[in-house]
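Novice: Sharing a structure below in structure tokens format, with a few things to ask.
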Amino acid sequence: MKKYIYSLLIGGLILSLSACSEDWEDATSKHVYGQNENPYLRADAKATVTEKMKFGAGQTHTIHLEDYADVFKKQLDMTVDETLAGLSSGKVVFHNINTSRNAWDRTAPNKGTSGWYFDAVGAVADQAKAQFAVELNAGNKTLVVSALENAAMGASVGLNVGFAIDGPNFDQYVRFFSDIVIVDTPVEVSIRIPDGEYNSAPVDFNDYASAIQERFGLNVADFCTALGGDKIHMYSVGVESLKWDESSGYTANAPGYWMKADGTVTNWGADGYCLYAECNVNAGIMYVGRSYLPAKGDKYTISIGFRDKADTSKLLRFVISITMD
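The opening residue of the sequence shown carries number 13 in the working numbering; numbering runs sequentially from there.
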């Protein structure tokens, strides 16, 4: 009986061994990903560049790839120029990274030829549903990270894209992690402007000293000095679009603008000119005034922003509700 049992056990063992693959590489080699699969993201802190960004809706942040030339050389054994050339030759790929699945994402670009739109949680989205975007500008050797105009104040999101040597697993890579916080929280002000052409009402920066200190790390006097020296620039900002007008020069006493009823920049004497906002940096006051056009009881809302030209994450925006007396 014992011999019979032993025979069964030995036979079963032989069958189980014969069922195993004779190719030991099948059991030990890494999975080779096909073109329709998203390779697993191998963890490598040294291959990851983290950029912390604080800016407002409708603004962009530029990452200069040459600033991380040493990372490209160490991880890909390539210069930045060689990496970008590799995109054309097929040696290098540029993809979005899905961190919720810890995998590369081969989703085709939907912003230009080398970028993606993302929703509020950092997932690739259609433009209509997007709040953020990342796009590679190979000619300028930059990544342009954008908060779209509908990005919610206080929102935070992490966006990940990367360059990798094309192959079965993308294990040689450089990853860019953009850690974004939307900080464009406006200061709301209500003023009444007396009747009469060129009359104005003051917005005293000293009343908002804590906000200025928080956003710029400056007291009011230093803020005004920087504003007068154009290290901090004054902008007209769309009330609804939140778009900062970066193309218009000052049209009132600098720093300042003449504006139409909707807050768009215009010139004195042009059709529809009715409001102005200009700063007296010596007094620490922004004066918001009128032309002859507004009538008693008219109401307007404009938005004026101040932003550090060297560090665009430092900004402060006023939303000013105006009533004409």
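We put the CB at the ideal spot given by N, CA and C, even for glycine.
Candidates A132, V146, S100 and R113: which alpha carbon is nearest P121's?
Specialist: For this step, residue 121 is matched to residue 109 along the sequence shown. If we check each option's Cα against that of P121, V146 comes out closest.
Novice: For T278 and T263, which I take to be in contact (beta-carbon distance under 8 Å), what is that distance rounded to the nearest angstrom?
Specialist: In the sequence shown, the residue the question calls residue 278 occupies position 266. In the sequence shown, the residue the question calls residue 263 occupies position 251. T278 to T263, Cβ: 7 Å. Contact.
Novice: Enumerate in chain order the residues of its own chain whose CB-to-CB distance from L230 is below 8 Å, with the five nearest sequence positions on each side excluded.
Specialist: Position 218 of the sequence shown, counted from the start, is the residue given in the question as residue 230. The answer, listed in chain order, is I224 and A238.
Novice: By the three-class DSSP mapping on this structure, what secondary structure does C236 have?
Specialist: Here residue 236 is taken as the residue at index 224 of the sequence shown, counted from 1. If DSSP states are grouped into helix, strand and coil, C236 belongs with the helices.
Novice: Under 6 Å Cβ to Cβ from L305, same chain only, skipping five residues before and after it: list those, please.
Specialist: Within the sequence shown, numbered from 1, the residue matching residue 305 stands at position 293. Hits under 6 Å: C286.
Novice: Quick one: grab the DSSP three-state call for G98.
Specialist: In the sequence shown, counting from the first residue as 1, residue 98 sits at position 86. Note: G98 maps to helix in three-state DSSP.
Novice: Rounded to the nearest angstrom, what separates D138 and Y299 at their Cα positions?
Specialist: One-based indexing of the sequence shown puts residue 138 at position 126. One-based indexing of the sequence shown puts residue 299 at position 287. So the two alpha carbons sit approximately 42 Å from each other.
Novice: Among the residues of its own chain, which have a CB less than 7 Å from the CB of W36, if the five just before and after it don't count?
Specialist: Position 24 of the sequence shown, counting from 1, holds the residue named residue 36. The pLDDT assigned to W36 is 36, lower than 50, so where the model puts this residue is not dependable; a value taken from the coordinates is nonetheless given after this. Here the set comprises nothing.
Novice: What residue range does the alpha helix (DSSP H) around D82 cover?
Specialist: On the sequence shown, residue 82 is found 70 positions in, with the first residue counted as 1. Segment A81 to L88, the alpha helix (DSSP H) holding D82.
Novice: Just curious, the alpha helix (DSSP H) that R227 is in, first and last residue?
Specialist: Within the sequence shown, numbered from 1, the residue matching residue 227 stands at position 215. From DSSP, the alpha helix (DSSP H) with R227 extends over A221 to F228.
Novice: Which class does K58 belong to by DSSP, given the choice of helix, strand or coil?
Specialist: Position 46 of the sequence shown, counted from the first residue, corresponds to residue 58. Looking at K58 - three-state DSSP - the assignment turns out to be helix.
Novice: CB L148 to CB F84, shorter than 8 Å?
Specialist: As a first step, residue 148 must be located in the sequence shown, where it is residue number 136. As a first step, residue 84 must be located in the sequence shown, where it is residue number 72. Not closer than 8 Å, so no.
Novice: Ignoring anything shorter than 3 residues or poking outside the region 173 to 207, list the beta strand (DSSP E) runs there in chain order.
Specialist: Entirely contained in the region 173 to 207, the beta strand (DSSP E) runs reaching 3 residues are, in chain order, 185 to 194 and 199 to 205.
Novice: CB-CB under 8 Å to I297, same chain, minus the five flanking residues each way: which ones, in chain order?
Specialist: Position 285 of the sequence shown holds residue 297. These residues qualify, in order along the chain: P214, V215, D216, F217 and C291.
Novice: Under the three-state reduction of DSSP, which class applies to D274: helix, strand or coil?
Specialist: Along the sequence shown, one-based indexing puts residue 274 at 262. Note: D274 maps to coil in three-state DSSP.
Novice: Apart from the five residues on each side of it in sequence, which residues of its chain come closer than 6 Å, Cβ to Cβ, to S202?
Specialist: Locating residue 202 in the sequence shown gives position 190, counting from the first residue. Contacts found: S333.
Novice: Alpha carbon to alpha carbon, how far is A132 from S168?
Specialist: Start at 1 with the first residue of the sequence shown, and residue 132 comes out as number 120. Start at 1 with the first residue of the sequence shown, and residue 168 comes out as number 156. Straight-line Cα distance between these residues: approximately 8 Å.
Novice: Are the Cβ atoms of A163 and A69 separated by less than 8 Å?
Specialist: Stepping through the sequence shown from its first residue, residue 163 is reached at position 151. Stepping through the sequence shown from its first residue, residue 69 is reached at position 57. In contact: A163 and A69 (Cβ atoms closer than 8 Å).
Novice: Which residue marks the beginning of the beta strand (DSSP E) containing A159, and which one marks its end?
Specialist: Taking the first residue of the sequence shown as 1, we reach residue 159 at position 147. Counting along the chain, the beta strand (DSSP E) containing A159 begins and ends at T154 to A159.
Novice: Starting from P214, trace the beta strand (DSSP E) both ways and give me its first and last residue.
Specialist: By one-based count along the sequence shown, residue 214 stands at place 202. Note, P214: beta strand (DSSP E), S212 to D216.
Novice: Residues in the same chain with beta-carbon distance under 8 Å from L171, minus the five sequence neighbours each way, listed in chain order, please.
Specialist: The residue given as residue 171 occupies position 159 in the sequence shown. F130, G134, F144, V146, V157, F189, S190 and I192.
Novice: According to the Cβ coordinates, are K326 and F235 closer than 8 Å?
Specialist: To locate residue 326, count along the sequence shown from 1; it is residue 314. To locate residue 235, count along the sequence shown from 1; it is residue 223. No, the Cβ-Cβ distance between K326 and F235 is not below 8 Å.
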